[in-house]
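Enquirer: Residue numbers (this note's numbering): 791 to 1093. One structure, pasted below without further comment.
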Amino acid sequence: MKYLADYVHSKGLKFGLYSCAGSYTCQGRPGSRGHQFQDALMYAKWGVDYLKYDWCSDEGQNAQAAYATMSDAIKEAGRPIVLSICEWGENEPWKWGKGIGHLWRVTADIRDCYQCLFDWGGVGVLNVIDKMADLYPYAGPGHWNDAEMLEVGNGGMTKDEYITHFSMWCMLAAPLMAGNDLTKMDKDTHEILTNKEVIAVDQDSLGEQGRRFMDMGEKEIWAKPLANGELAVCFMNRTETPWNLDYNWHAQTIYFANEVNMRLNEYKVRDLWKHKDIGTTAKNTKATIPAHGVLMVRLSKVK
């Protein structure tokens, strides 16, 4: 395994492994319960950078204690390893995960669908977004709400839905992990997953998770404060028909973005998917947002 890790590192990539806090993984293979310090030491010797730590066959354990044990084991092993807490949000890890892990799942496993619920626990993109909406106080640099792996490119959604999926993960400051086959990406998938302007919103140094600013039924406005007094705004259309947007920037104050004042300052409005400026906040922003689509913009003060 050390040779594999070295090979991955030689390509400029990080090396991750999967284990479980129970006696068995979700695939029925041996888990780490009772062997946490032994396993963590081996991970460190191999050169592991990332550990996804699942919650199958938990056998009645206390989740916080179980994840804290592996966290302590990793620290004692002496190699920096990102610990991904994956107990599906069942024990509210956002309340105790900081200091134990670096990210924590908040829902059951995501599926390649816009909105769906499965009896066995799978959820769709909108289901994850709605769960994440109220968890913004718990996210910040080094401790993130994990919205799950990306489904972009797996074929179950439209291009507009995949753009919404990727845009909202970035608005939510979620860890971005491609869940598609990278060797078989089509042009649309590649363009979505490599949009540097959208990724910059996710990776912004301020580290704030975006919030739902306005909820007009199936039409929503989300805002994410950025470093240097800038702001990302995402207009999300959950309806089955286009949204003819005509938005007055002076009509509402974004109360949680203290450094952004639309009444005192004028801001450039940049469309992050069309990669072009589309006006300023001095005038209404007009756009047609497709069904299940978004308009994602970045506001920066006009000098």
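All C-beta atoms, glycine included, are put in the ideal place defined by N, C-alpha and C. All figures in this text were calculated on a predicted structure; none of them were measured in a lab.
Within 10 angstroms of its Cβ, does Tyr793 collect 16 or more other Cβ (buried), or is it exposed?
Expert: It is exposed - the Cβ of Tyr793 has fewer than 16 other Cβ atoms within 10 Å.
Enquirer: Return the CA-CA distance between Glu849 and Cys810, expressed in angstroms with no decimal places.
Expert: Computed Cα separation, rounded: 12 Å.
Enquirer: Can you pull the DSSP bridge partners for Tyr810?
Expert: According to the sequence shown, residue 810 is Cys rather than Tyr. In the DSSP output, where bridge partners are listed per residue, Cys810 has Asp844.
Enquirer: Spell out the partners DSSP gives His933 in its beta bridges.
Expert: The partner list for His933 (beta bridge, DSSP) reads Gly930.
Enquirer: By the DSSP assignment, the beta strand (DSSP E) with Tyr793 in it spans what residues?
Expert: No beta strand (DSSP E) contains Tyr793, which is instead part of the alpha helix (DSSP H) from 792-800.
Enquirer: Ends of the beta strand (DSSP E) at Cys1024?
Expert: From DSSP, the beta strand (DSSP E) with Cys1024 extends over 1021-1027.
Enquirer: Report buried or exposed for Glu1030, applying the criterion of at least 16 other Cβ atoms within 10 angstroms of its Cβ.
Expert: By the neighbour-count rule (16 or more Cβ atoms within 10 Å), Glu1030 is not buried but exposed.
Enquirer: Report the three-state DSSP secondary structure of Pro1015 (helix, strand or coil).
Expert: Reduced to three states, the DSSP call for Pro1015 is strand.
Enquirer: Report buried or exposed for Val1092, applying the criterion of at least 16 other Cβ atoms within 10 angstroms of its Cβ.
Expert: Answer is exposed; the Cβ neighbour count stays below 16.
Enquirer: Give every residue of the same chain whose Cβ lies closer than 7 Å to the Cβ of Tyr904, excluding the five residues on either side of it in the sequence, and list them in chain order.
Expert: Within the same chain, Tyr904 has close Cβ partners Gly914, Val915, Leu916, Met947, Glu951, His1082.
Enquirer: Can you tell me whether Ser800 is buried or exposed, with buried defined as 16 or more other CB within 10 angstroms of its CB?
Expert: Answer is exposed; the Cβ neighbour count stays below 16.
Enquirer: Does the stretch 1073-1082 touch the stretch 1028-1046, meaning 3 or more C-beta pairs lie closer than 8 Å?
Expert: Judged by Cβ distances under 8 Å, the stretch 1028-1046 makes contact with the stretch 1073-1082, as three or more pairs qualify.
Enquirer: Are there 16 or more other CB atoms within 10 angstroms of the CB of Lys1014, so buried, or fewer, so exposed?
Expert: Buried: at least 16 other Cβ atoms inside 10 Å.
Enquirer: Should the stretch 880-891 be called in touch with the stretch 927-944, which here means at least 3 C-beta pairs below 8 Å?
Expert: Touching, per the Cβ criterion.
Enquirer: Can you tell me which residues form a DSSP beta bridge with Leu940?
Expert: Answer is Ala968, bridged to Leu940.
Enquirer: Can you tell me which of Met1052, Glu1049, Glu938 puts its alpha carbon nearest to the alpha carbon of Pro965?
Expert: Closest option to Pro965, Cα to Cα, is Glu938.
Enquirer: Distance check for Gln1042 and Thr1004, CA to CA, integer angstroms please.
Expert: Checking the sequence shown, residue 1004 turns out to be Met, not Thr. In a straight line, the C-alpha of Met1004 is about 9 Å away from that of Gln1042.
Enquirer: So what's Trp894 in DSSP terms, helix, strand or just coil?
Expert: If DSSP states are grouped into helix, strand and coil, Trp894 belongs with the strands.
Enquirer: Helix, strand or coil for Leu983 per DSSP?
Expert: Correct three-state label for Leu983: helix.
Enquirer: Please return the same chain residues whose Cβ sits closer than 8 Å to the Cβ of Ile871, not counting the five positions on each side in sequence.
Expert: Same-chain partners within the cutoff: Ala830, Tyr833, Ala834, Val838, Asp839, Tyr840, Leu841, Ile864.
Enquirer: What residues in its chain sit with their C-beta under 6 Å from that of Asn944, if we drop five residues either side in the sequence?
Expert: Same-chain partners within the cutoff: Asp902, Asn970.
Enquirer: Taking the beta carbon of Met1006 as the centre, do at least 16 other beta carbons fall within 10 Å, making it buried, or is it exposed?
Expert: So Met1006 ends up on the exposed side.
Enquirer: Kindly indicate which three-state DSSP category Pro1044 falls into: helix, strand or coil?
Expert: The amino acid occupying residue 1044 in the given sequence is Ile; Pro does not appear at that position. The answer is coil: DSSP assigns Ile1044 none of H, G, I, E or B.
Enquirer: Return the first residue and the last residue of the alpha helix (DSSP H) that Phe1003 is part of.
Expert: Premise fails: Phe1003 lies in the beta strand (DSSP E), 1001-1006, not in any alpha helix (DSSP H).
Enquirer: From which residue to which residue does the alpha helix (DSSP H) around Met1086 run?
Expert: Segment 1084-1091 is the beta strand (DSSP E) holding Met1086; no alpha helix (DSSP H) there.
Enquirer: Can you tell which of His980, Ile1011, Glu1020, Ala867 has its C-alpha closest to the C-alpha of Glu998?
Expert: If we check each option's Cα against that of Glu998, Glu1020 comes out closest.
Enquirer: In chain order, which alpha helix (DSSP H) runs of at least 4 residues are fully inside the stretch 824-890?
Expert: Counting only runs of 4 or more, we get 826-836, 853-867.
Enquirer: Looking at C-alpha atoms only, which residue of Gln851, Gln826, Ile900 is the closest neighbour of Thr866?
Expert: For the sequence presented, residue 866 should be read as Glu rather than Thr. It is Gln826 whose Cα lies nearest to the Cα of Glu866.
Enquirer: Quick one, which of Val1084, Pro820, Leu972, Val1050 has its alpha-carbon nearest Lys949's?
Expert: The option with the nearest alpha carbon to Lys949 is Val1084.
Enquirer: For His955, is the classification buried or exposed, using 16 other Cβ atoms within 10 angstroms of its Cβ as the cut-off for buried?
Expert: His955 is buried by the Cβ-count criterion.
Enquirer: Which residues mark the beginning and the end of the beta strand (DSSP E) in which Lys1058 is found?
Expert: Lys1058 -> beta strand (DSSP E) spans 1057-1061.
Enquirer: So is Ser995 buried or exposed if we call it buried at 16+ other beta carbons inside 10 Å?
Expert: Exposed, because fewer than 16 other Cβ atoms sit within 10 Å of the Cβ of Ser995.
Enquirer: With distance defined between alpha-carbon atoms, name the residue in Trp1033, Ile1011, Ala968 nearest to Val1087.
Expert: Answer by Cα proximity: Ile1011.
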